[in-house]
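Asker: For the sequence shown, the numbering used here assigns the number 25 to the initial residue and increments by one for each residue that follows.
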Amino acid sequence: MTALHQVLQTPELLTLVFESAASDERQSKALLAVAACVNSTWFKLATSVLWGQVRDESLDVRALATITRARRQRYASKIKHLDFTWNRDATIHSLLKRLKFPMLKRLVLDNQGGMHNQRPCPVAQYLQPSVEILEVHNLDKQFDQGFVDLM
Numbered sequence: 025m026t027a028l029h030q031v032l033q034t035p036e037l038l039t040l041v042f043e044s045a046a047s048d049e050r051q052s053k054a055l056l057a058v059a060a061c062v063n064s065t066w067f068k069l070a071t072s073v074l075w076g077q078v079r080d081e082s083l084d085v086r087a088l089a090t091i092t093r094a095r096r097q098r099y100a101s102k103i104k105h106l107d108f109t110w111n112r113d114a115t116i117h118s119l120l121k122r123l124k125f126p127m128l129k130r131l132v133l134d135n136q137g138g139m140h141n142q143r144p145c146p147v148a149q150y151l152q153p154s155v156e157i158l159e160v161h162n163l164d165k166q167f168d169q170g171f172v173d174l175m
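1) Bridge partners for V160 per DSSP, in chain order?
2) Classify K124 as buried or exposed, calling it buried when 16 or more other Cβ atoms lie within 10 Å of its own Cβ.
3) Does DSSP classify L120 as helix, strand or coil?
4) Over the uninterrupted alpha helix (DSSP H) stretch that includes L151, give me the two end residues.
5) Who does H29 pair with in a DSSP beta bridge?
6) If we call anything under 8 Å between Cβ atoms a contact, is K20 one with Q149?
7) Do you know how far the Cα of L131 is from the Cα of S154?
8) Could you tell me whether the Cβ atoms of L74 and L56 are closer together than 8 Å?
9) Do Q97 and L128 have their CB atoms nearer than 8 Å?
10) Identify the continuous beta strand (DSSP E) that holds L74 and give its terminal residues.
11) Can L69 and A89 be called in contact, C-beta distance under 8 Å?
12) Using the C-alpha atoms, what's the distance from I157 back to T115?
13) Are the CB atoms of D134 and H117 within a distance shorter than 8 Å?
14) Could you check what DSSP says for L106 in three-state terms: helix, strand or coil?
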């Protein structure tokens, strides 16, 4: 077995290759999307790197909302960062309802975004045991005792 063949069949090494490819912002998404089409192992590894990237977090959640409902959980399970500071449309939360984010490390909420009929972002929907960093911007009366109780 050649060294190249060994790298291409070793998940840990292949993940390093995909992570290296992801460092090039201009080509990473396209390259990883193509790699995900090679076989089931490459799909699992490439999509984990693609959906788990820190860079440009807000695109993850918008892209997730465009995927068919039946496939959303597959990708939600790989997301490490959710940032809702860009969001001004509460419908995104209903599109992501019932999804679990077991790899989620960082959650960024903005009380100015996602308001619909004066109701705040449904925080509990995104809180997972894996969350290490929670940022809340524009905290005001909309985040009431119920929010604090979730903590």
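Idealized CB from N, CA, C, for every residue including glycine.
These figures come from a predicted structure and were not determined experimentally.
Answerer: In brief:
1) Within the sequence shown, residue 160 is the residue found at index 136, counting from 1. According to DSSP, V160 bridges with L133.
2) Residue numbering aside, residue 124 sits at position 100 when the sequence shown is read from its first letter. Exposed, because fewer than 16 other Cβ atoms sit within 10 Å of the Cβ of K124.
3) Residue 120 sits at position 96 when you count from the first residue of the sequence shown. DSSP places L120 in coil when its eight states are reduced to three.
4) Residue numbering aside, residue 151 sits at position 127 when the sequence shown is read from its first letter. L151 -> no alpha helix (DSSP H), and no H or E assigned at all.
5) For this step, residue 29 is matched to residue 5 along the sequence shown. Answer is none; H29 lacks a bridge partner.
6) The requested residue 20 is not part of the displayed model; the chain covers only 25 to 175.
7) Stepping through the sequence shown from its first residue, residue 154 is reached at position 130. Stepping through the sequence shown from its first residue, residue 131 is reached at position 107. Looking at the two C-alpha atoms, the distance is approximately 10 Å.
8) In the sequence shown, residue 74 corresponds to position 50, counting from 1. In the sequence shown, residue 56 corresponds to position 32, counting from 1. Going by C-beta atoms, L74 is nearer than 8 Å to L56.
9) Within the sequence shown, the letter at position 73 stands for residue 97. Within the sequence shown, the letter at position 104 stands for residue 128. Result no, Cβ atoms of Q97 and L128 do not sit closer than 8 Å.
10) Translated into positions along the sequence shown, residue 74 becomes position 50. Counting along the chain, L74 falls outside any beta strand (DSSP E), though it belongs to the alpha helix (DSSP H) covering S64 to G76.
11) Residue numbering aside, residue 69 sits at position 45 when the sequence shown is read from its first letter. Residue numbering aside, residue 89 sits at position 65 when the sequence shown is read from its first letter. The answer is no: Cβ separation not under 8 Å.
12) As a position in the sequence shown, residue 115 is number 91, starting the count at 1. As a position in the sequence shown, residue 157 is number 133, starting the count at 1. If you take the alpha carbons of T115 and I157, they lie about 24 Å apart.
13) By 1-based counting over the sequence shown, the position of residue 117 is 93. By 1-based counting over the sequence shown, the position of residue 134 is 110. No, Cβ-Cβ distance for H117 and D134 is not below 8 Å.
14) Stepping through the sequence shown from its first residue, residue 106 is reached at position 82. Strand at L106.
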